[in-house]
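J.:
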Amino acid sequence: MARRRIIAGNWKMNKTPSEAVALVNELKDLVKNDEVDVVYCVPAIDIVPVVEAVKGTNVQVGAENMYFQESGAYTGEISAAMLKDAGVKYVILGHSERRDYFKEDDVLLNKKVKKAFEAGITPILCCGESLEQRELGVTMDWIRLQIKSDLDGITAEQVKELVIAYEPIWAIGTGKTATAEQAQEVCKGIRDCIAEMYDEATAEAVRIQYGGSMNAGNAKELLAKPDIDGGLIGGASLKAEFGDVVNA
Ligand code: 13P
Numbered sequence: 495m496a497r498r499r500i501i502a503g504n505w506k507m508n509k510t511p512s513e514a515v516a517l518v519n520e521l522k523d524l525v526k527n528d529e530v531d532v533v534y535c536v537p538a539i540d541i542v543p544v545v546e547a548v549k550g551t552n553v554q555v556g557a558e559n560m561y562f563q564e565s566g567a568y569t570g571e572i573s574a575a576m577l578k579d580a581g582v583k584y585v586i587l588g589h590s591e592r593r594d595y596f597k598e599d600d601v602l603l604n605k606k607v608k609k610a611f612e613a614g615i616t617p618i619l620c621c622g623e624s625l626e627q628r629e630l631g632v633t634m635d636w637i638r639l640q641i642k643s644d645l646d647g648i649t650a651e652q653v654k655e656l657v658i659a660y661e662p663i664w665a666i667g668t669g670k671t672a673t674a675e676q677a678q679e680v681c682k683g684i685r686d687c688i689a690e691m692y693d694e695a696t697a698e699a700v701r702i703q704y705g706g707s708m709n710a711g712n713a714k715e716l717l718a719k720p721d722i723d724g725g726l727i728g729g730a731s732l733k734a735e736f737g738d739v740v741n742a
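Below, the structure is given as structure tokens:
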């Protein structure tokens with residue numbers, strides 16, 4: 495069965511609530527496409543107004559992070575139940591910026607992945623190597639470690655719903671995209687890893703995105719690769735260009 499493509503924008507720490515609504519309205523007609531899943535992953539404070547603004551469109555809303563605890567004394571954190579209640583369908587987990595700047599490790603991420611599934615929110619689980627790791631030739635070792643740790647205890651049925659985003663750290667926000675061949679090689683490696691951990695049917699079902707300086711100019715070539723099922727787009731998701739990526 496063919497996997498449905500998924501193009502998600504990761505707005506990162508951009509757009510105030512009023513700017514967010516303006517952007518949604520600007521993009522509304524540009525991202526119309528019934529053949530792909532279109533997702534805006536937005537800052538927590540933008541979730542409620544963006545959910546409202548996308549009503550009646552093909553766009554779904556995602557969060558950029560969440561905490562794994564149910565509720566309680568965790569000042570500044572947001573729970574899966576809060577996201578779910580607000581209308582969130584996806585949550586980005588393990589983005590390299592969170593792993594790096596906020597010291598999120600695989601033990602924590604595994605708890606977050608479990609909690610997201612429990613709440614009925616689909617994780618977009620990010621993985622990816624640094625330039626140093628790529629040059630050392632340990633890219634796939636590193637990514638397999640991330641995937642295996644983050645998915646510890648997750649069932650095959652859950653993984654079939656999961657989205658994995660391969661984002662080489664050296665390609666994020668740098669304008670330096672991985673070649674379509676490099677991206678395909680790793681996405682295939684991730685699918686092989688899932689087949690090893692679960693089975694072929696699970697590996698065939700899981701959707702794998704590429705992320706890292708993806709834009710209107712390179713999206714078509716990347717998306718033509720057999721193991722690349724979509725994109726996680728940073729910079730280019732904040733402008734009209736995002737419509738071109740969706741329609742690529
Ligand atoms: P850029 O598209 O800005 O390189 O960001 C990619 C990314 O980190 C998406 O999560």
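Residue numbers (this note's numbering): 495 to 742.
Ideal Cβ positions, reconstructed from N, Cα and C, are used throughout, including at glycine.
The structure presented is a predicted model; accordingly, all values stated were derived computationally and were not measured.
Out of Gly556, Ala672, Gly667, which has the shortest C-alpha to C-alpha gap to aspartate 579?
T.: Indexing the sequence shown from 1 puts residue 579 at position 85. Answer by Cα proximity: Gly556.
J.: Between which two residues does the beta strand (DSSP E) carrying arginine 499 extend?
T.: In the sequence shown, residue 499 corresponds to position 5, counting from 1. From DSSP, the beta strand (DSSP E) with arginine 499 extends over 499-504.
J.: Determine the extent of the beta strand (DSSP E) in which tyrosine 660 is found, giving its start and end residues.
T.: Residue numbering aside, residue 660 sits at position 166 when the sequence shown is read from its first letter. 657-660 is the span of the beta strand (DSSP E), which, as asked, contains tyrosine 660.
J.: Under 8 Å between the Cβ atoms of glutamine 678 and aspartate 646?
T.: As a working note, residue 678 is residue 184 in the sequence shown. As a working note, residue 646 is residue 152 in the sequence shown. Not closer than 8 Å, so no.
J.: What would DSSP say about glutamine 703, mapped onto helix, strand or coil?
T.: One-based indexing of the sequence shown puts residue 703 at position 209. Glutamine 703 falls in the strand class under three-state DSSP.
J.: Quick check on DSSP: helix, strand or coil for glutamine 554?
T.: On the sequence shown, residue 554 is found 60 positions in, with the first residue counted as 1. The answer is strand: DSSP assigns glutamine 554 an E or B state.
J.: Does any heavy atom of the ligand 13P sit closer than 7 Å to the C-beta of serine 707?
T.: Indexing the sequence shown from 1 puts residue 707 at position 213. Serine 707 Cβ: within cutoff of the ligand 13P.
J.: Let me know if glutamate 623 comes out buried or exposed under the rule of 16 or more other beta-carbons within 10 Å of its beta-carbon.
T.: As a working mapping, residue 623 is identified with position 129 in the sequence shown. That one is buried.
J.: Is DSSP giving isoleucine 541 helix, strand or coil here?
T.: Position 47 of the sequence shown, counted from the first residue, corresponds to residue 541. Of the three classes helix, strand and coil, the one that applies to isoleucine 541 here is helix, per DSSP.
J.: Taking one C-beta from the segment 724-736 and one from the segment 512-527 each time, how about it: are there three or more such pairs within less than 8 Å?
T.: The answer is yes - the segment 512-527 touches the segment 724-736, with three or more Cβ pairs under 8 Å.
J.: Please report the Cβ distance between leucine 587 and leucine 603, rounded to the nearest whole angstrom; I am assuming they are in contact, meaning their Cβ atoms lie under 8 Å.
T.: Taking the first residue of the sequence shown as position 1, residue 587 is located at position 93. Taking the first residue of the sequence shown as position 1, residue 603 is located at position 109. Rounded, the Cβ-Cβ distance is 6 Å, consistent with contact.
J.: In its own chain, which residues sit with a C-beta less than 6 Å from the C-beta of tryptophan 664, not counting the 5 before and 5 after it?
T.: Walking along the sequence shown from the start, residue 664 turns up at place 170. For tryptophan 664, where only same-chain residues beyond five positions count, the Cβ hits under 6 Å are Leu625.
J.: What residues in its chain sit with their C-beta under 6 Å from that of glutamine 563, if we drop five residues either side in the sequence?
T.: In the sequence shown, the residue the question calls residue 563 occupies position 69. Once the five neighbours on either side are set aside, glutamine 563 has no close Cβ partner at all.
J.: Would DSSP call tyrosine 595 helix, strand or coil?
T.: Indexing the sequence shown from 1 puts residue 595 at position 101. Of the three classes helix, strand and coil, the one that applies to tyrosine 595 here is helix, per DSSP.
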